[in-house]
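Below is one structure, written out as C-alpha cells; the observations come after it.
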C-alpha cells in the first residue's frame, strides 16, 4: 500500500499550475498496480485463513476424511496462489518504485515555491466545511517479535596427590625419606546470549467526509488584474474605460474551456495516509573464563641411631608451594533501532520508550582475589602438611584424588555483578503502535487531511474585466473624473454613483 501523492505547493485559494496536478495524477496512476497487487495478495491470504477455519470445523463435526479430499485439494491451490501472489507483489513493487522514481525526477522540486498573489479577497471570503465526501479507512499491520536466550556453564576441577617414601637400615640405625606432592586446579566457563528482535510494519489510508470550500468566493479585481498581467504579459488587461470594456466583451465566441485562464484552488476533499515501520534489535552477550591452580611439595627426612652406639634421632624437611588464578570476561550490549514514518494529512503523536540494557562485570576486589589465592593454596598445603602416615592411607584409597572441597569451589570462583542502564530512549514498536492509534483518533475527528480531489475556479480575461467593471465602473463612465478614478482602481465617489 502506497502513500497518497502530495505536493505542498498546492494551497487552497492560490493560483495553481495545472501541470502540477497532472503530475500528482500520474504518480497515482503509477502506484495503482502496487495497490492492486497488495490487495490481491491480502484477499488470497484471507481466503486461506477462512478455508482453514472451515476445515477445522468440519473435522470437529466428524466429517469423514474421504469427503474432504476435494476441499483439501482446493486448499492446496489457494496456498499455491498465495505464493504466486507474493512473488507478483514483489515484482510489481520493484517496477513501481522504478517508475515513481522516474516521474519524480521529471517533476519540479516542491520544497520551495513561488507564485503570483492570489486574487481572492480573503477578508470577505471564507473557508467552509461541507460533508460532501465520505469517511473510510483501509489499513494493514504486520508484527513480528523474536526473543532468544541461550545460557551455558562448564566447570572442571581436579585434585592430584602423590606420596613416595624410602627407608634403609644397617647396624647403626635406620634412615627414611618421604616426599609428598599435592596439586589442585579448577576451570569454569559461563556463556549467555540474549537477543530480542521486533519488527512492525503499518500502512493505512483514510478519506474524510468534510470538504473545504471557499464560500463566498470574492475576488479583489486589482490583484486579479495584476496577477493576470504578470502571467500573460502579451495579453495584458488595461483598466481605462475603453480597454476594460473591450476586455469584458472580447472573444465572446470562443468556448470558455478553450480560453486562456487563471486556475485557483477553490476547494478540495481530503484524505490522509500512514506508512511506517520500526525494526529494533537488542543483543546482549557475555562470556567468562576463570582458571585457578595451586601446587605444594614437601620433603621429610628422619634418621634414628641405634641405642648401643648413641641413642639419637633427628630429621629435617622442606616444602614449597605456589598458587595462581586468572579471570577474563567479555560482556557486550548492542541496541539498534530504525524507524521510518511518512504521514500525510495528520501528524500523530510520537513517544519514545525506555529500553533497559544490561552488561555484566566481575567483582575484582583485590582483597577477595588474595582470599581466593589463599583458599586454593591451603587446599594443596593441606595435602602436604599432613603426616606421612596419613598420606599413605589416603593414597591407598584413591577415590579422594578426584574430589574437591565444595568450600574451595565456592571461595575460588569470582562473583559476577550486573550493571543496568535504564536511560535508553528509543523509538520502538510500541512507539509506532501509539502513533497509529493517535492517527486513527485524529482521522475520526475529521479536521485534518491533504487534498485528494481539487475543485478549480477558472478566471478568464473576461471574468476579471467584468469584476473590475462591477467595482470601479458600476454605473459606467459618467464623467471624466469617474474615468480617471476607475482607471486608477479607485472606487467611485458617492456623488458619482
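Residue numbers (the working numbering): 2 to 498.
Built from N, CA and C at the ideal position, the CB exists for glycine as well.
- Item | Delimiting residues of the alpha helix (DSSP H) encompassing residue 95 | For the purposes of this step, residue 95 is taken as the residue at position 94 of the chain shown. Here the alpha helix (DSSP H) through residue 95 covers 70-107.
- Query: For residue 60, which of helix, strand or coil comes out of DSSP?
  - Reply: Here residue 60 is taken as the residue at index 59 of the chain shown, counted from 1. Judged by DSSP in its simplified three-state form, residue 60 adopts helix.
- For residue 433, the nearest candidate out of 283, 142, 104 (CA to CA): Reading the chain shown from its first residue, position 432 is the one you call residue 433. Nearest C-alpha to residue 433: 142.
- Under a three-way DSSP split, which group does residue 439 fall into? As a first step, residue 439 is located in the chain shown; it is residue number 438 there, counting from the start. Note: residue 439 maps to helix in three-state DSSP.
- Query: Can you tell me where the beta strand (DSSP E) with residue 458 in it begins and where it stops?
  - Reply: Taking the chain shown and counting its residues from 1, the one referred to as residue 458 is at position 457. Start and end: 451-461.
- Would you give the residue range spanned by the beta strand (DSSP E) that residue 132 belongs to? If you number the chain shown from 1, residue 132 lands on position 131. It spans 128-132 - the beta strand (DSSP E) in which residue 132 sits, taken as one unbroken run.
- Hey, residue 119 and residue 14 are a contact pair by Cβ (cut 8 angstroms); roughly how many whole angstroms apart? The residue labelled residue 119 in the question sits at position 118 within the chain shown. The residue labelled residue 14 in the question sits at position 13 within the chain shown. So it is a contact: roughly 5 angstroms between Cβ atoms.
- Can you tell me whether DSSP reads residue 32 as helix, strand or coil? Taking the chain shown and counting its residues from 1, the one referred to as residue 32 is at position 31. It is helical.
- Message: In whole angstroms, give me the CA-to-CA distance for residue 25 and residue 45.
- Response: Start at 1 with the first residue of the chain shown, and residue 25 comes out as number 24. Start at 1 with the first residue of the chain shown, and residue 45 comes out as number 44. Cα-Cα distance, rounded: 30 angstroms.
- Query: For the alpha helix (DSSP H) that residue 219 lies in, which residues bound it at each end?
  - Reply: Within the chain shown, residue 219 is the residue found at index 218, counting from 1. Where residue 219 is concerned, there is no enclosing alpha helix (DSSP H), given that its DSSP letter is neither H nor E.
- Message: Give me, in chain order, the residues of the same chain whose beta-carbon lies closer than 7 angstroms to that of residue 4; leave out the 5 immediate sequence neighbours on both sides.
- Response: Counted from its first residue, the chain shown places residue 4 at position 3. If we look at residue 4 and ignore the five residues flanking it on each side, its Cβ neighbours are 274, 276, 343, 345.
- For residue 105 and residue 31, the rounded distance between their alpha carbons: Locating residue 31 in the chain shown gives position 30, counting from the first residue. Locating residue 105 in the chain shown gives position 104, counting from the first residue. For the pair residue 31 and residue 105, the Cα-to-Cα distance works out to about 11 angstroms.
- Name, in chain order, the residues that DSSP records as bridge partners for residue 250. Counting from 1 along the chain shown, the entry for residue 250 is found at position 249. Answer by DSSP bridge pairing: none, since residue 250 is not bridged.
- residue 285 to residue 335 span [Cα, whole Å]: One-based indexing of the chain shown puts residue 285 at position 284. One-based indexing of the chain shown puts residue 335 at position 334. Per the coordinates, the alpha-carbon of residue 285 lies some 6 angstroms from the alpha-carbon of residue 335.
- Message: If distances are taken between C-alpha atoms only, which option among 458, 229, 84 comes closest to residue 1?
- Response: Outside the displayed range of the chain (2 to 498) lies residue 1, so it cannot be described from this structure.
- Own chain residues within Cβ distance below 6 angstroms of residue 128, not counting five before or after: Locating residue 128 in the chain shown gives position 127, where the first residue counts as 1. Once the five neighbours on either side are set aside, the close Cβ partners of residue 128 are 213, 215.
- Query: What's the C-alpha gap between residue 199 and residue 71?
  - Reply: Here residue 199 corresponds to residue number 198 of the chain shown, with the count starting at 1. Here residue 71 corresponds to residue number 70 of the chain shown, with the count starting at 1. In a straight line, the C-alpha of residue 199 is about 39 angstroms away from that of residue 71.
- Task: Count the other CB atoms, across all protein chains shown, that sit within 10 Å of the CB of residue 211; report buried if there are 16 or more and exposed otherwise.
- Result: Here residue 211 refers to the residue found at position 210 when the chain shown is read from its first residue. Its Cβ being crowded by 16 or more others within 10 Å, residue 211 is buried.
- When 251, 98, 278 are compared against residue 33, the one with the closest alpha-carbon: Position 32 of the chain shown, counted from the start, is the residue given in the question as residue 33. Cα-wise, what sits closest to residue 33 is 98.
- Query: What's the C-alpha gap between residue 96 and residue 37?
  - Reply: By 1-based counting over the chain shown, the position of residue 96 is 95. By 1-based counting over the chain shown, the position of residue 37 is 36. Cα-Cα distance, rounded: 14 angstroms.
- Query: In whole angstroms, what separates the C-alpha of residue 499 from that of residue 267?
  - Reply: Because residue 499 is not part of the residues shown, which for the chain are 2 to 498, the question remains open.
- Task: Using the Cα positions of residue 352 and residue 427, report the straight-line distance between them to the nearest angstrom.
- Result: Along the chain shown, one-based indexing puts residue 352 at 351. Along the chain shown, one-based indexing puts residue 427 at 426. The C-alpha of residue 352 lies about 9 angstroms from the C-alpha of residue 427.
- Message: Quick check: what's the CA-CA separation for residue 441 versus residue 462?
- Response: Numbered from 1 along the chain shown, position 440 holds the residue referred to as residue 441. Numbered from 1 along the chain shown, position 461 holds the residue referred to as residue 462. Distance between the alpha carbons of residue 441 and residue 462: 45 angstroms.
- Give the C-beta separation of residue 472 and residue 222 to the nearest angstrom, bearing in mind that I take them to be a contact with Cβ-Cβ under 8 angstroms. By 1-based counting over the chain shown, the position of residue 472 is 471. By 1-based counting over the chain shown, the position of residue 222 is 221. With 8 angstroms as the limit, residue 472 and residue 222 qualify as a contact, their Cβ atoms being about 5 angstroms apart.
- Query: What three-state label does DSSP hand residue 49 in the structure shown?
  - Reply: Translated into the one-based positions of the chain shown, residue 49 becomes position 48. Three-state DSSP puts residue 49 in a helix.
- Item | Beta-carbon spacing of residue 139, residue 29 below 9 angstroms | In the chain shown, residue 139 corresponds to position 138, counting from 1. In the chain shown, residue 29 corresponds to position 28, counting from 1. For residue 139 and residue 29, no; Cβs fall outside 9 angstroms.
- Message: Please state the DSSP three-state secondary structure of residue 445.
- Response: Mapped onto the chain shown, residue 445 falls at position 444. Helix.
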